[in-house]
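Trainee:
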Amino acid sequence: DAKTTQPNSMESNEEEPVHLPCNHSTISGTDYIHWYRQLPSQGPEYVIHGLTSNVNNRMASLAIAEDRKSSTLILHRATLRDAAVYYCILLKAGTASKLTFGTGTRLQVTL
Amino acid sequence: NAGVTQTPKFQVLKTGQSMTLQCAQDMNHEYMSWYRQDPGMGLRLIHYSVGAGITDQGEVPNGYNVSRSTTEDFPLRLLSAAPSQTSVYFCASSPSANYGYTFGSGTRLTVV
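Pasting the structure below:
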């Protein structure tokens, strides 16, 4: 199975954009790129997912490199409520979805 | 919609006791999964189901049983609790492959 690599931690100032990177150099053509986040003492929360094209929703944007070997989750204006662990996960299309969580990126947001 | 509901929220068991963690969803999702999260670690998949009557093992299935008699419910049974099963357990559901999962708020289990 293809693996992902994320920085252990990142910091951001409130109301500034945040770019969370994810490397997945062994991604296959049928792997979707999913992002989840987990706020302190809560269950994971789905953020966004995509296959080849960039994606936007009310929470964030997902920028996918042309060769699909990396992606970036973009929070346009970080708030204190965005402080969480962010997980980048690959899911193979057409199969039973089994999320495999790594250690993720812990995002700290400061005033 | 209530989403994914897990009960109980907290539980303390003695070693050797058995219990069932309940998970119910009201979104008519076909896919459901159980995860455990140990302190400071990521989630690990215990069992999953792709529809009523269909279940399969995940990464860490030993000591746990599941069944899926209805679309809505996916209970997780601990057969004989051990201290190594002290963890936070999360249930999740999804409408199908390639869609996002909705997670419950978790059950914090302590085995003494």
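Chains as they are written, first to last, in our numbering: chain A, 3 to 113; chain B, 4 to 115.
Here a beta-carbon is modelled for each residue, glycine too, at the ideal position from N, C-alpha and C.
Note that the structure is predicted; figures quoted are calculated from it, not measured.
1. Name, in chain order, the residues that DSSP records as bridge partners for H50 (chain B).
2. Kindly indicate which three-state DSSP category R83 (chain A) falls into: helix, strand or coil?
3. Taking T105 (chain B) as the query, report the chain A residues whose CB atoms sit under 8 angstroms from its CB, ordered along the chain.
4. Using beta carbons (cut-off 8 angstroms, strictly below), is A95 (chain A) in contact with chain B?
5. Chain B beta carbons: is any one of them nearer than 8 angstroms to that of H21 (chain A)?
6. Could you tell me which uninterrupted beta strand (DSSP E) segments, each at least 3 residues in length, are contained entirely in the region 6 to 37 of chain B, listed from first to last along the chain?
7. When Cβ atoms are compared, which residues of the region 79 to 95 of chain B fall closer than 7 angstroms to chain A?
8. Kindly list, in the order they appear in chain A, the residues whose Cβ is closer than 8 angstroms to that of G45 (chain B).
9. What is the rounded straight-line gap between the Cα of D33 (chain A) and the Cα of L93 (chain A)?
Mentor: This is what the structure gives:
1. Note: H50 (chain B) sits in a beta bridge opposite B:W37, B:Q60.
2. R83 (chain A): helix per DSSP, three-state reduction.
3. The answer, in chain order, is Y48.
4. Taking 8 angstroms as the CB threshold, A95 (chain A) lines the interface with chain B.
5. Taking 8 angstroms as the CB threshold, H21 (chain A) stays off the interface with chain B.
6. Runs found: 7 to 10, 13 to 16, 22 to 28.
7. Considering only beta carbons, the part of the region 79 to 95 of chain B lying closer than 7 angstroms to chain A consists of F93, in chain order.
8. Near G45 (chain B) (Cβ distances below 8 angstroms), the residues of chain A are Y89, F103, G104, T105, G106.
9. Rounded to whole angstroms, D33 (chain A) and L93 (chain A) show a C-alpha spacing of 5 angstroms.
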